[in-house]
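Residue numbers (the numbering used here): 15 to 545.
This is the structure:
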């Protein structure tokens with residue numbers, strides 16, 4: 015094999031590695047700085063007083079995240095913020111990104127994702143990305159960063175993508191990222207220069223430190239933390255004389271980093287938005303694009319089966335197509351249903367995971383139910399295999415309507431008033447406890463493999479379609495013990511609601527919160543969730 019052929023094969027090998035997100039090469043370091051292995055930081059910086067007066071300047075991609083590719087984060091921005099077409103363009107052009115330099119590839123991805131996006135409506139950085147950043151955190155790097163009281167983050171990503179996460183969840187004092195150019199309130203897809211000319215580098219960083227710490231800047235010891243393989247290596251570090259030493263982690267060491275456990279999260283991750291339920295690496299995005307046409311047809315088939323077939327036939331067919339329900343019904347609950355003849359229907363009270371909650375409860379008990387809901391699109395109502403009724407948010411009117419419906423048959427209600435994806439149960443509205451003495455709590459959990467079936471800022475009529483497009487969708491349904499004669503306990507409706515909320519949370523291993531629908535929509539959509 016001649017030399018030219020070897021060169022072509024080596025180039026192809028590097029291209030494939032870059033396409034799959036593997037790190038590429040080492041970059042030269044400024045030998046005037048003191049570089050050390052990051053493991054030695056624990057031995058040298060132990061004193062709590064020293065940690066309080068030391069400011070850590072760290073690289074987000076090199077010192078925190080385990081992923082070596084930025085493509086998944088830009089795909090999330092393109093798909094969730096710009097739509098399916100923008101995400102498809104990014105996917106098709108990513109092989110070109112892998113052929114050019116890292117800086118040029120970054121500019122191409124930024125242009126595709128941000129061109130024409132309205133600055134005021136861009137909320138992906140605080141509603142979608144924090145969930146994926148949190149899951150990508152390396153436990154070892156997280157421990158290093160969180161030991162210091164004062165932190166400054168450096169990132170190759172546009173600042174609008176990382177600033178919300180770093181400040182809200184990690185308590186970072188300042189984020190030094192790439193700013194995007196804005197014209198008439200819209201991003202034009204261009205970034206400001208990564209680093210200013212060397213003659214101005216130090217003054218820029220000094221201005222940053224003055225802005226963060228003010229007159230206390232002189233009392234701070236500055237140290238750096240990052241990856242030895244990052245291209246940010248490390249002009250800002252090199253040009254700033256305030257930084258005394260830099261601790262580096264190698265790519266080999268980062269591959270051994272563990273994911274940050276949920277119980278170590280610095281702040282509970284309760285609400286997040288977006289449709290994609292997985293980290294969209296290039297191979298996984300390819301699989302999603304190939305699946306979507308088939309998945310859409312499969313969702314239509316599942317809808318037809320649920321509407322047309324009786325329960326005894328639809329359950330095995332839906333299970334065969336990948337929609338599986340795992341019901342758990344205690345024997346005492348079944349006996350109570352068999353023994354008692356009631357003049358009124360049973361009130362089923364459940365936590366809210368998706369719009370399909372009442373349908374799965376109906377399938378679990380093998381009998382039709384009526385669901386009451388605050389909001390349901392005409393399309394979802396038309397396709398629903400069970401009857402639905404709308405609540406008006408007028409307490410007196412809704413109470414009379416629910417009481418009337420209970421006299422006609424069994425009823426299911428979701429007192430949270432909105433969905434929650436994470437293992438938390440939102441505060442229950444006490445209205446249900448005022449209209450019935452017999453309450454059956456139902457604990458629900460939904461697992462998806464590709465798409466979330468809920469959204470706060472997207473098109474809600476597509477919620478059930480996205481859930482049904484998943485290759486595999488699993489529902490866990492736990493019918494809990496009846497609360498017979500709930501009002502006879504001489505407790506208020508609020509106390510009953512709190513008791514049911516705790517009973518459901520304990521059954522699922524979730525946590526109770528005092529957050530409501532209004533809190534969710536204020537965080538994710540900037541409104542109160544009014545219909």
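All residues carry an ideal CB built from backbone N, CA and C; glycine is no exception.
- Contact annotation, residue 293 with residue 485: C-beta distance approximately 16 Å; criterion of less than 8 Å not satisfied.
- For residue 458, the closest C-alpha among the options 494, 478 and 466 is that of 494.
- Between residue 387 and residue 402, the beta carbon gap of about 6 Å places them in contact (Cβ cut-off 8 Å).
- By the CB criterion at 8 Å, residue 393 and residue 475 fall inside the cutoff.
- Residue 286 is positioned such that its CB atom lies closer than 8 Å to that of residue 145.
- Ranked by Cα distance from residue 137, the options 417, 471 and 524 are led by 471.
- Judged by beta-carbon spacing, residue 328 lies within the 8 Å limit of residue 320, meaning their Cβ atoms are closer than that value.
- Just measuring C-alpha positions, the residue of 340, 156 and 140 sitting nearest residue 90 is 140.
- Nearest Cα to residue 428 within the set 530, 464 and 480: 530.
- When Cβ pairs closer than 8 Å are counted between the two stretches, the segment 419 to 433 is seen to touch the segment 358 to 372, the count reaching three or more.
- In terms of Cα proximity to residue 272, the closest of 261, 390, 151 and 460 is 151.
- In the structure shown, the three-state DSSP call for residue 337 is strand.
- CA-CA distance, residue 410 to residue 447, rounds to 14 Å.
- In the three-state scheme derived from DSSP, where H, G and I count as helix and E and B as strand, residue 532 is classed as helix.
- By the CB criterion at 8 Å, residue 341 and residue 385 fall outside the cutoff.
- Annotation for residue 382: 376 and 400 place their beta carbon closer than 7 Å to its own, counting only its chain and skipping 5 residues before and after.
- In the displayed model, residue 384 falls within a strand according to three-state DSSP.
- In this structure, residue 465 places its C-beta atom within 8 Å of the C-beta atom of residue 291.
- As computed with DSSP, residue 279 is found in no beta bridge at all.
- Between residue 438 and residue 527, the gap from beta carbon to beta carbon is short of 8 Å.
- In this model, residue 415 and residue 397 are separated by some 23 Å (Cα to Cα).
- The C-alpha of residue 297 lies about 43 Å from the C-alpha of residue 514.
- In the DSSP annotation of this structure, residue 541 is not part of any alpha helix (DSSP H), being labelled neither H nor E.
- Counting every other CB atom within 10 Å of its CB across the protein chains shown gives residue 198 a total below 16, marking it as exposed.
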